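Per our numbering, residue 299 is the first one in the sequence shown, and the count goes up by one each step. C-beta atoms are modelled at their ideal positions from N, C-alpha and C, and glycine is treated no differently. Quick caveat, the model's predicted, so the values are computed rather than measured.
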Amino acid sequence: MADINQRALALMGQIEMEMRLHRLWADTAPSDQALASVEPFAVDTLSFEQWVQFIYLPKLKVMLTLGQAPSNVCVCPMAEESWRHHGERLNPLLDLVADLDELLSGKRVRE
299 MADINQRALA
309 LMGQIEMEMR
319 LHRLWADTAP
329 SDQALASVEP
339 FAVDTLSFEQ
349 WVQFIYLPKL
359 KVMLTLGQAP
369 SNVCVCPMAE
379 ESWRHHGERL
389 NPLLDLVADL
399 DELLSGKRVR
409 E
(Lines of atoms letter the chains of each structure in order from A; the text may use other names.)
(Lines give C-alpha, C1' and ligand atoms only; values in the text may rest on other atoms or scores of the structure.)
Protein backbone atom coordinates (compact mmCIF):
# COMPACT_ATOMS: atom_id res chain seq x y z
CA MET A 299 0.00 0.00 0.00
CA ALA A 300 2.85 2.40 0.77
CA ASP A 301 4.18 1.82 -2.75
CA ILE A 302 0.81 2.82 -4.26
CA ASN A 303 0.74 5.94 -2.11
CA GLN A 304 4.25 6.93 -3.23
CA ARG A 305 3.41 6.29 -6.88
CA ALA A 306 0.19 8.30 -6.53
CA LEU A 307 2.07 11.22 -4.97
CA ALA A 308 4.59 11.10 -7.82
CA LEU A 309 1.78 11.14 -10.41
CA MET A 310 0.18 14.07 -8.61
CA GLY A 311 3.46 15.98 -8.87
CA GLN A 312 3.61 15.23 -12.59
CA ILE A 313 0.01 16.42 -13.01
CA GLU A 314 0.93 19.69 -11.32
CA MET A 315 3.97 20.11 -13.58
CA GLU A 316 1.88 19.50 -16.71
CA MET A 317 -0.80 21.90 -15.54
CA ARG A 318 1.86 24.55 -14.92
CA LEU A 319 3.38 23.89 -18.34
CA HIS A 320 0.02 24.53 -19.99
CA ARG A 321 -0.79 27.51 -17.76
CA LEU A 322 -3.68 25.73 -16.06
CA TRP A 323 -2.20 26.29 -12.58
CA ALA A 324 -3.43 29.39 -10.75
CA ASP A 325 -1.29 31.74 -8.68
CA THR A 326 -4.13 32.65 -6.33
CA ALA A 327 -6.75 30.52 -4.65
CA PRO A 328 -10.47 30.99 -5.23
CA SER A 329 -12.59 32.43 -2.44
CA ASP A 330 -13.52 30.28 0.53
CA GLN A 331 -17.12 30.46 -0.65
CA ALA A 332 -16.17 29.07 -4.08
CA LEU A 333 -14.17 26.28 -2.46
CA ALA A 334 -17.14 25.36 -0.25
CA SER A 335 -19.27 24.20 -3.19
CA VAL A 336 -21.14 20.94 -2.63
CA GLU A 337 -21.63 20.25 -6.34
CA PRO A 338 -19.60 17.48 -8.01
CA PHE A 339 -16.28 18.93 -9.18
CA ALA A 340 -17.52 22.28 -7.78
CA VAL A 341 -18.93 22.94 -11.24
CA ASP A 342 -21.02 25.82 -9.97
CA THR A 343 -18.10 27.85 -8.62
CA LEU A 344 -14.77 26.60 -10.03
CA SER A 345 -13.21 25.73 -13.35
CA PHE A 346 -12.14 22.10 -13.56
CA GLU A 347 -8.47 23.03 -13.26
CA GLN A 348 -9.23 25.03 -10.11
CA TRP A 349 -11.03 22.00 -8.67
CA VAL A 350 -8.02 19.80 -9.45
CA GLN A 351 -5.55 22.29 -7.95
CA PHE A 352 -7.43 23.46 -4.88
CA ILE A 353 -9.71 20.55 -3.95
CA TYR A 354 -8.80 17.23 -5.57
CA LEU A 355 -5.02 17.15 -5.28
CA PRO A 356 -4.85 18.60 -1.74
CA LYS A 357 -7.55 16.24 -0.39
CA LEU A 358 -5.99 13.27 -2.14
CA LYS A 359 -2.58 14.15 -0.70
CA VAL A 360 -4.02 14.20 2.83
CA MET A 361 -5.71 10.84 2.28
CA LEU A 362 -2.52 9.29 0.92
CA THR A 363 -0.43 10.72 3.75
CA LEU A 364 -2.84 9.14 6.22
CA GLY A 365 -2.64 5.83 4.37
CA GLN A 366 -6.27 6.10 3.27
CA ALA A 367 -5.99 5.92 -0.51
CA PRO A 368 -9.39 5.98 -2.20
CA SER A 369 -10.27 2.90 -4.24
CA ASN A 370 -13.01 4.31 -6.47
CA VAL A 371 -11.57 7.19 -8.48
CA CYS A 372 -12.73 8.23 -11.95
CA VAL A 373 -11.66 11.80 -12.71
CA CYS A 374 -10.40 11.30 -16.28
CA PRO A 375 -13.78 11.49 -18.05
CA MET A 376 -14.43 14.90 -16.49
CA ALA A 377 -10.91 16.01 -17.40
CA GLU A 378 -11.43 14.93 -21.01
CA GLU A 379 -14.73 16.78 -21.21
CA SER A 380 -13.47 19.92 -19.47
CA TRP A 381 -10.26 20.18 -21.47
CA ARG A 382 -11.45 18.95 -24.88
CA HIS A 383 -11.26 22.48 -26.34
CA HIS A 384 -7.48 22.35 -25.81
CA GLY A 385 -7.20 19.60 -28.41
CA GLU A 386 -4.41 17.04 -28.38
CA ARG A 387 -1.87 19.27 -26.64
CA LEU A 388 -3.24 18.13 -23.25
CA ASN A 389 -3.00 14.42 -24.05
CA PRO A 390 0.05 13.97 -21.79
CA LEU A 391 -1.86 15.59 -18.91
CA LEU A 392 -4.96 13.50 -19.59
CA ASP A 393 -2.79 10.37 -19.65
CA LEU A 394 -1.41 11.27 -16.21
CA VAL A 395 -4.92 11.78 -14.83
CA ALA A 396 -5.91 8.40 -16.31
CA ASP A 397 -2.79 6.81 -14.81
CA LEU A 398 -3.73 8.13 -11.37
CA ASP A 399 -7.31 6.87 -11.74
CA GLU A 400 -6.03 3.46 -12.77
CA LEU A 401 -3.48 3.26 -9.97
CA LEU A 402 -6.09 4.03 -7.31
CA SER A 403 -9.13 2.24 -8.72
CA GLY A 404 -7.63 -0.48 -10.87
CA LYS A 405 -9.69 0.69 -13.86
CA ARG A 406 -8.45 2.40 -17.02
CA VAL A 407 -10.98 4.67 -18.71
CA ARG A 408 -8.65 6.27 -21.27
CA GLU A 409 -7.01 4.18 -23.96
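Point to revise | The alpha helix (DSSP H) enclosing residue 363, as first and last residue numbers | key: Annotation: the continuous alpha helix (DSSP H) that includes residue 363 extends over 355-363.
Point to revise | Close beta carbons around residue 343, own chain, < 6 Å, minus the five adjacent residues each side | key: These residues qualify, in order along the chain: 332 and 335.
Exercise for review: Compare the beta carbon distance of residue 375 and residue 407 with 9 Å and say whether it is the shorter of the two.
Suggested key: With respect to residue 407, residue 375 sits close: the two C-beta atoms are nearer than 9 Å.
Point to revise | Other residues of its chain near residue 401: CB distance less than 8 Å, five sequence neighbours each side excluded | key: Here the set comprises 302, 305, 306 and 309.
**Study point:** Collapsed DSSP secondary structure at residue 327 in the structure displayed
**Key:** Coil.
Point to revise | For residue 397 and residue 405, the rounded distance between their alpha carbons | key: Their Cα atoms are separated by approximately 9 Å.
Practice item. Taking residue 329 as the reference, give the member of 378, 348 and 315 with the closest Cα. Key: The shortest C-alpha separation from residue 329 is found at 348.
Check your understanding: By Cβ distance below 6 Å, which residues in the same chain neighbour residue 388 in space, the five residues on each side in sequence not counted?
Key -> Answer for residue 388: 381, listed in chain order.
Review point. Hey, residue 377 and residue 350: beta-carbon distance below 9 Å or not?
Key: If you check the CB distance, residue 377 and residue 350 come in under 9 Å.
Review point. Since residue 372 contacts residue 393 with CB under 8 Å, what's their CB separation in whole angstroms?
Key: The C-beta distance from residue 372 to residue 393 rounds to 15 Å, too long to fall under 8 Å, and the pair is not in contact.
Point to revise | Through-space distance from residue 314 to residue 391, alpha-carbon basis | key: About 9 Å.
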